[in-house]
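Read through the structure below, which is laid out as structure tokens, and then see the notes.
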Amino acid sequence: MVFYPCQELIARDAAGTLSKDDVKDIRKHIEKSRTVVFVLHGKPDDTDEGFSTSGGSVCTFKQLGRLAKLLMPIRDEKYRISLVMCYGARCRNVRLNHEGMIPSGELASSFAYKFFRELCGARNIRMVAWTGAVSNDGDLKHTCENEDQVLYVDKKQEVAALQNSPQKQQIEIEKAALLQRLKMSNADFGNNVMMKFANNPNAAPTNEVERFALRYIPYSPVRAQWMMNLFPDRNQTSNYGKLIYDFSGSQLVITNRYGATGGVAVNAELYRGGLI
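The C-terminal position of the sequence shown is numbered 276 in the UniProt record's numbering, with every residue numbered one higher than the one before it.
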């Protein structure tokens, strides 16, 4: 097994410091390796680019495909590629439930598939990637976020962006006018109305002030508690989120390795057919 930090190699390639001898040495190691691991940072809302630790763009899926073809000699034995990239296998529609069947068009929108598509016609490969934030321990055992954790992170980013928005100013004006008209104090609104939905985000509103509270809660002081209760089953596990991409002859097979409770079965085929 060989690991290659994509950020360093792509930077050296772009700067012209990745010499022919360097490439020759890397190709020699890769040709003898059963598994090749590409390490890159990803974001849930970007399926075209990989990122550095600091958050800057490192490469597109096309550039990573070019690098992989440069470093991986043609051989008969199938390469096993591991794309260790947070959200690498996640589709463009980040809020799609990735525990169930995924439409082929969505499967084709992920960074992982687009990288695989660049490479599979030129090299004999089988690749794994993950739908959530992925990490590994010293024994190289990977863990991946489940759906609630992915959606929680996405919601946190969305809500954080609202706090300095024009919508925030407008809804505060609406709130002041509503409470004045109903002769309700901020304390009553916060303790008796907002906490109802912070503790039970799926509760049904029964009157005007509760309907407003549901609109206001992403801007409110109790938004953190509301989001945690909105996605209660957050965790990271070793048996979750792994998709396997395999291309032999003209046949592409995409499999969900572990499945999910309430979702697809273990080793469920998400797609079988030609390249998407």
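Yeah, the Cβ is synthetic: ideal placement off N, Cα and C, and Gly gets one too.
On a predicted model such as this, the values are computed, not experimentally measured, just so you know.
For this session: Could you tell me whether the segment 106-123 touches the segment 239-247, where touching means 3 or more Cβ pairs closer than 8 Å?
Result: Under the Cβ criterion (8 Å, minimum of three pairs), the segment 106-123 counts as touching the segment 239-247.
Exercise. Nearest-angstrom Cα distance between residue 124 and residue 85?
Worked result: Here the C-alpha atom of residue 124 lies approximately 21 Å from the C-alpha atom of residue 85.
Exercise. Mind checking residue 12: buried by the 16 CB within 10 Å criterion, or exposed?
Worked result: By the neighbour-count rule (16 or more Cβ atoms within 10 Å), residue 12 is not buried but exposed.
Exercise. Could you give the residue range of the beta strand (DSSP E) that holds residue 86?
Worked result: Premise fails: residue 86 is in no beta strand (DSSP E) and is neither H nor E.
Exercise. Can we say the segment 208-228 touches the segment 73-88, given the rule of at least three CB pairs closer than 8 Å?
Worked result: The segment 208-228 makes no contact with the segment 73-88: fewer than 3 CB pairs, one atom from each, lie closer than 8 Å.
Exercise. Where in the segment 65-120 do unbroken runs of the alpha helix (DSSP H), each at least 4 residues long, occur, reported from the N-terminal end onward?
Worked result: Listed in chain order, the complete alpha helix (DSSP H) runs (minimum 4 residues) inside the segment 65-120 are 104-107 and 111-120.
Exercise. Excluding sequence positions up to five away, which residues of its chain have a Cβ less than 8 Å from the Cβ of residue 270?
Worked result: 101, 102, 107, 243, 254, 255, 256 and 264, listed in sequence order.
Exercise. Do you know whose CA, among 198, 67 and 187, lies nearest residue 116's CA?
Worked result: Looking at 198, 67 and 187, the one whose alpha-carbon comes closest to that of residue 116 is 67.
Exercise. When we look at the beta-carbon of residue 138 and count the other beta-carbons within 10 Å, is it buried (16 or more) or exposed?
Worked result: In this predicted model, residue 138 has a pLDDT of only 49, less than 50, meaning its place in the structure is not dependable; the value taken from the coordinates is given anyway. By the neighbour-count criterion, in which 16 or more other beta carbons inside 10 Å mark a residue as buried, residue 138 falls on the exposed side.
Problem set entry | Exposed unless 16 or more other CB atoms sit within 10 angstroms - verdict on residue 203 | Of the other Cβ atoms in all chains shown, fewer than 16 fall within 10 Å of the Cβ of residue 203; this residue is therefore exposed.
Problem set entry | Alpha-carbon to alpha-carbon, residue 74 and residue 122 | Residue 122 and residue 74 have their alpha carbons spaced roughly 8 Å apart.
Exercise. Among 53, 32 and 36, which has the Cα closest to the Cα of residue 8?
Worked result: For residue 8, the closest of 53, 32 and 36 by C-alpha to C-alpha distance is 53.
Exercise. Is residue 228 helix, strand or coil by DSSP?
Worked result: DSSP, read as helix, strand or coil, puts residue 228 in helix.
For this session: Take residue 233 as the anchor and find which of 157, 186 and 150 has the nearest alpha-carbon.
Result: Checked all of 157, 186 and 150; the closest Cα to residue 233 is 150.
For this session: Pick out whichever of 183, 130, 228 and 132 has its Cα sitting closest to the Cα of residue 159.
Result: A check of alpha carbon separations from residue 159 across 183, 130, 228 and 132 identifies 228 as the nearest.
Exercise. Does the distance from the CB of residue 60 to the CB of residue 77 come in under 8 Å?
Worked result: In this structure, residue 60 keeps its C-beta atom at 8 Å or more from the C-beta atom of residue 77.
For this session: Rounded to whole angstroms, what's the CA-CA distance from residue 169 to residue 119? Just pull it up for me.
Result: The straight-line gap separating the alpha-carbon atoms of residue 169 and residue 119 is approximately 49 Å.
Problem set entry | residue 81, buried or exposed, once every other Cβ within 10 Å from all chains shown has been counted against 16 | It is buried - the Cβ of residue 81 has at least 16 other Cβ atoms within 10 Å.
Exercise. What number of angstroms, rounded off, separates the C-alpha of residue 26 from the C-alpha of residue 268?
Worked result: Taking the straight line joining both Cα atoms gives about 35 Å.
Problem set entry | Contact check, residue 23 vs residue 64, beta carbons under 8 Å | Not a contact, by the Cβ cut-off of 8 Å.
Exercise. Would residue 208 be called buried (16 or more neighbouring beta carbons within 10 Å of its own) or exposed?
Worked result: Around the beta carbon of residue 208, a 10 Å sphere encloses fewer than 16 other beta carbons of the protein chains shown; the residue is thus reported as exposed.
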